[in-house]
Amino acid sequence: MNEHVHADPHAGHGHDHAPPQPDDKVHSYYQVLGIALKELLIEKGVVTADEVREAIERRDSITPARGARIVARAWVDYDYKARLLADGNAAVAEMGCPMDNTNLVVVENTERVHNVIVCTLCSCYPRELLGLPPSWYKSRAYRARVVREPRAVLGEFGTALGDGMEVRVHDSTADMRYFVIPRRPPGTEGLSEERLAELVTRDSMIGVTEAKAPGG
Amino acid sequence: MRGPHDVGGTPDRPVDPLPHDLTFWEKQIDALHALIGDDKRRISTRDENRRYVESLGHDVYNTLTYYERWTAAMCRHLIEKGVLTQDEIDAKVGEVRRRLAESGELELRAGEAEKLP
Amino acid sequence: MSNVFAPGDRVRVREDFPPGHIRTPVYIRGKTGTVTRRFGTFENPELLAYRLEGPRKTLYEVRFRQAELWPDYAGAGDDTLDIDLYDHWLEKA
Numbered sequence: 068m069n070e071h072v073h074a075d076p077h078a079g080h081g082h083d084h085a086p087p088q089p090d091d092k093v094h095s096y097y098q099v100l101g102i103a104l105k106e107l108l109i110e111k112g113v114v115t116a117d118e119v120r121e122a123i124e125r126r127d128s129i130t131p132a133r134g135a136r137i138v139a140r141a142w143v144d145y146d147y148k149a150r151l152l153a154d155g156n157a158a159v160a161e162m163g164c165p166m167d168n169t170n171l172v173v174v175e176n177t178e179r180v181h182n183v184i185v186c187t188l189c190s191c192y193p194r195e196l197l198g199l200p201p202s203w204y205k206s207r208a209y210r211a212r213v214v215r216e217p218r219a220v221l222g223e224f225g226t227a228l229g230d231g232m233e234v235r236v237h238d239s240t241a242d243m244r245y246f247v248i249p250r251r252p253p254g255t256e257g258l259s260e261e262r263l264a265e266l267v268t269r270d271s272m273i274g275v276t277e278a279k280a281p282g283g
Numbered sequence: 099m100r101g102p103h104d105v106g107g108t109p110d111r112p113v114d115p116l117p118h119d120l121t122f123w124e125k126q127i128d129a130l131h132a133l134i135g136d137d138k139r140r141i142s143t144r145d146e147n148r149r150y151v152e153s154l155g156h157d158v159y160n161t162l163t164y165y166e167r168w169t170a171a172m173c174r175h176l177i178e179k180g181v182l183t184q185d186e187i188d189a190k191v192g193e194v195r196r197r198l199a200e201s202g203e204l205e206l207r208a209g210e211a212e213k214l215p
Numbered sequence: 032m033s034n035v036f037a038p039g040d041r042v043r044v045r046e047d048f049p050p051g052h053i054r055t056p057v058y059i060r061g062k063t064g065t066v067t068r069r070f071g072t073f074e075n076p077e078l079l080a081y082r083l084e085g086p087r088k089t090l091y092e093v094r095f096r097q098a099e100l101w102p103d104y105a106g107a108g109d110d111t112l113d114i115d116l117y118d119h120w121l122e123k124a
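Protein chains in written order, with our numbering: chain A, 68 to 283; chain B, 99 to 215; chain C, 32 to 124.
Written as structure tokens, this is what we have:
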């Protein structure tokens, strides 16, 4: 599948009639159709341009930093971690992250088990904690292969796990959304929660990588 | 027997691990898609949306990008729900195409021009 | 018919191929695993996809050994796959 996505340094200006920006071109029939649908829906009063703009801004405002804060708290507070594992929704609400219509299941990486998340059928993802999913998570290649050869796929992210580790893949086929607490890296004793959160990457909360080492 | 979306366990290429920021166009589609299904409008639901994407057929599903699939599914959904007609969509597509071509924003990939009305 | 299971139960996924919107991937149909969690009841997405309603379904998390899912599984022997399945797709194994 061709994914003709490219960085859009001018995202957010929201004006269809602005002069063309580098890499901001329209390349396919369906892209033209998407713009046409938007304009028709605005003309008919089904949506307003303000609503579209605000919805885009909301999406831009949610980043993996939200999830990283949750992980950092779980690393320093074992009681909080236990609450997260027992009831994900209640525990993340404690940190000011209410989940809208999402049933959150939190799983923990240990010295014995490494979890990795996928939605083979579409692209279900805990957006309230991580923002919009990355292209690779939605790609056919990831969805097809991670359930069948997870270690090879993890290898493509630079992650190698020993045979003594159980790799556990979660296919989010239904109403639950999964979130991984990666292992706390060694050499992080005494670091502040804020500093710890900086080590927690989005990819580590999906499970394709581990968290970053300090000073790395 | 197997829908085009039901890909778990089938062979595929190596995963490209780079994150690739969403383009502005993609964020617009994501936003629009959510708005038409929100509590205010309820034109679409999550499960209906999935069914529409799954019904695109193997060829279309496998040649379109993720947000192009959502656009195709959303288009069919809006027509079937009577929100828009094919005629007004075709007319608007023609108008948008002309405007983008005039402003130099249109750079169609090979094979795309034939699809436009 | 409502199928009621508890964590620890061995269950087999139905090997059926009905038309419509199904959230049981083809790769898991006909396979046998162990129930690990009972999530509660939810509306059936197979009906919701058509804006229909029906009896709520119980959702279970079921764990499978990768070595039993794929004939050529190249990973470690203990590797597993967890998947969330609705009760009407499961039979006691």
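Each residue gets a CB set at the ideal place from its N, CA and C atoms; glycine is no exception.
Please list, in chain order, all residues of the same chain as residue i whose beta carbon is under 6 angstroms from its beta carbon, the five residues on each side excluded.
i, result
"C/Arg-60", "Val-44 and Glu-46"
"B/Leu-198", "Leu-204"
"C/Lys-123", "none"
"A/Arg-269", "Pro-131 and Leu-197"
"A/Pro-249", "Asn-176, Ser-271, Glu-277 and Ala-278"
Count the other CB atoms within 10 Å of the CB of residue i; is the residue buried (16 or more) or exposed (fewer)?
i, result
"A/Lys-169", "Contrary to the premise, residue 169 of chain A reads as Thr rather than Lys in this sequence. Per the 10 Å Cβ criterion, buried."
"C/Phe-48", "exposed"
"A/Arg-145", "In the sequence as displayed, the identity of residue 145 of chain A is Tyr instead of Arg. A/Tyr-145 is exposed by the Cβ-count criterion."
"B/His-156", "exposed"
"B/Gln-184", "exposed"
"A/Ser-259", "exposed"
"A/Pro-200", "buried"
"C/Tyr-81", "exposed"
"B/Met-99", "exposed"
"C/Pro-102", "exposed"
"A/Ser-206", "buried"
"A/Asp-230", "exposed"
"A/Ser-239", "buried"
"A/Glu-110", "exposed"
"A/Gly-134", "buried"
"A/Thr-56", "For residue 56 of chain A there is no data in the structure shown, the boundaries of chain A being 68 and 283."
"C/Thr-111", "buried"
"A/Ala-141", "buried"
"B/Gly-101", "buried"
"A/Leu-62", "Outside the shown range of chain A, which is 68 to 283, sits residue 62 of chain A, and nothing can be said about it."
"A/Pro-89", "The predicted position of A/Pro-89 is uncertain, since its pLDDT is 39 and thus under 50; no value can be drawn from it."
"A/Pro-193", "buried"
"C/Pro-50", "exposed"
"A/Ala-139", "buried"
"A/Leu-100", "buried"
"A/Ser-128", "exposed"
Any beta carbon from chain E within less than 7 angstroms of residue i's own beta carbon?
i, result
"B/Arg-149", "Considering every chain present, this structure includes no chain E. Its protein chains are A, B and C."
Heavy atom of the ligand ADP less than 6 angstroms from the Cβ of residue i, yes or no?
i, result
"B/Lys-125", "The ligand ADP is not among the ligands present in this structure, which contains no ligands whatsoever."
Spatial neighbours of residue i within its chain, please: CB distance less than 8 angstroms, with the 5 preceding and 5 following residues excluded, ordered by chain position.
i, result
"C/Val-35", "Thr-89 and Asp-118"
"B/Leu-133", "Arg-139"
"C/Ala-37", "Val-66 and Arg-69"
"A/Arg-150", "Ala-157, Ala-158 and Glu-161"
"C/Thr-63", "Arg-41, Val-42, Arg-43, Val-44, Phe-95, Glu-99 and Ala-124"
"B/Asn-160", "Pro-102"
"B/Leu-154", "Pro-102, Leu-162, Arg-167, Ala-170 and Ala-171"
"A/Pro-252", "Leu-266, Glu-277, Ala-278, Lys-279, Ala-280 and Pro-281"
Give me, in chain order, the residues of the same chain whose beta-carbon lies closer than 7 angstroms to that of residue i; leave out the 5 immediate sequence neighbours on both sides.
i, result
"C/Phe-73", "Arg-87, Lys-88 and Leu-90"
"A/Val-213", "Val-183, Val-185, Val-220 and Val-236"
"B/Tyr-150", "Ala-171, Arg-174 and His-175"
"C/Pro-56", "none"
"A/Asp-242", "Asn-170"
"B/Asp-110", "none"
Contact check, residue i vs residue j under 8 angstroms by CB: the rounded distance?
i, j, result
"A/Gly-254", "A/Pro-281", "6 angstroms"
"A/Phe-246", "A/Val-173", "5 angstroms"
"A/Ala-264", "A/Arg-126", "In fact, because the Cβ distance is near 21 angstroms, the residues do not count as touching under 8 angstroms."
"A/Arg-218", "A/Val-234", "6 angstroms"
"B/Val-194", "A/Ala-227", "Contact doesn't hold; Cβ gap of about 48 angstroms is too wide."
Looking at chain B, which residues of the stretch 36 to 51 of chain C have a Cβ within less than 9 angstroms of any of its Cβ atoms?
The residues in question are Phe-48 and Gly-51.
Note down, in chain order, all residues in the stretch 59 to 88 of chain C with a beta-carbon under 7 angstroms from any beta-carbon belonging to chain A.
Answer set for the stretch 59 to 88 of chain C: Phe-70 and Phe-73.
If contact means a Cβ-Cβ distance below 7 angstroms, which residues of the stretch 189 to 215 of chain A contact chain B?
Against chain B - using a Cβ distance shorter than 7 angstroms - the residues of the stretch 189 to 215 of chain A are Cys-189, Leu-199, Pro-201, Ser-202, Trp-203, Lys-205, Ser-206, Arg-207, Ala-208, Tyr-209, Arg-210, Ala-211, Arg-212, Val-214 and Arg-215.
Below 7 angstroms between beta carbons is the criterion; list the residues of the stretch 93 to 104 of chain C that meet it against any residue of chain A, in chain order.
Under the 7 angstroms Cβ criterion, the stretch 93 to 104 of chain C contributes Trp-101.
Suppose only complete runs of 3+ residues qualify. What are the beta strand (DSSP E) ranges in the stretch 211 to 283 of chain A, listed by chain order?
Within the stretch 211 to 283 of chain A, the runs of beta strand (DSSP E) at least 3 residues long that lie entirely inside it are, in chain order, 233 to 238 and 243 to 248.
Beta strand (DSSP E) segments (min. 3 residues) lying fully within the stretch 55 to 105 of chain C
For the stretch 55 to 105 of chain C, the continuous beta strand (DSSP E) assignments of 3+ residues that do not extend past its boundaries occur at 63 to 73 and 88 to 96, in sequence order.
Write down every uninterrupted run of the beta strand (DSSP E) in the stretch 154 to 212 of chain A whose length is 3 residues or greater and which is fully enclosed by it, in chain order.
Runs of the beta strand (DSSP E) inside the stretch 154 to 212 of chain A: 170 to 175 and 180 to 185.
Please list, in chain order, the residues of the stretch 133 to 156 of chain A that have any C-beta partner in chain B closer than 7 angstroms.
Within the stretch 133 to 156 of chain A, no residue has a Cβ that lies closer than 7 angstroms to any Cβ of chain B.
At a Cβ cut of 8 angstroms, what residues of the stretch 239 to 271 of chain A count as close to chain C, listed as they run along the chain?
Within the stretch 239 to 271 of chain A, those residues whose Cβ lies closer than 8 angstroms to any Cβ of chain C are, in chain order, Ser-239, Thr-240, Ala-241, Asp-242 and Met-243.
Identify each residue in the stretch 219 to 236 of chain A for which the Cβ-Cβ distance to at least one residue of chain B is less than 7 angstroms, and report them in chain order.
Within the stretch 219 to 236 of chain A, the residues whose Cβ lies closer than 7 angstroms to some Cβ of chain B are Val-220, Glu-223 and Phe-224, listed in chain order.
Taking a cut of 7 angstroms between CB atoms, which residues from the stretch 113 to 132 of chain A lie near chain B?
If you check each beta-carbon in the stretch 113 to 132 of chain A against every beta-carbon of chain B, the ones closer than 7 angstroms belong to Val-113, Val-114, Glu-118, Val-119, Ala-122, Ile-123 and Arg-126.
Ranges of the beta strand (DSSP E) found wholly within the stretch 93 to 151 of chain A, counting only runs of at least 3
Within the stretch 93 to 151 of chain A, no complete beta strand (DSSP E) run reaches 3 residues.
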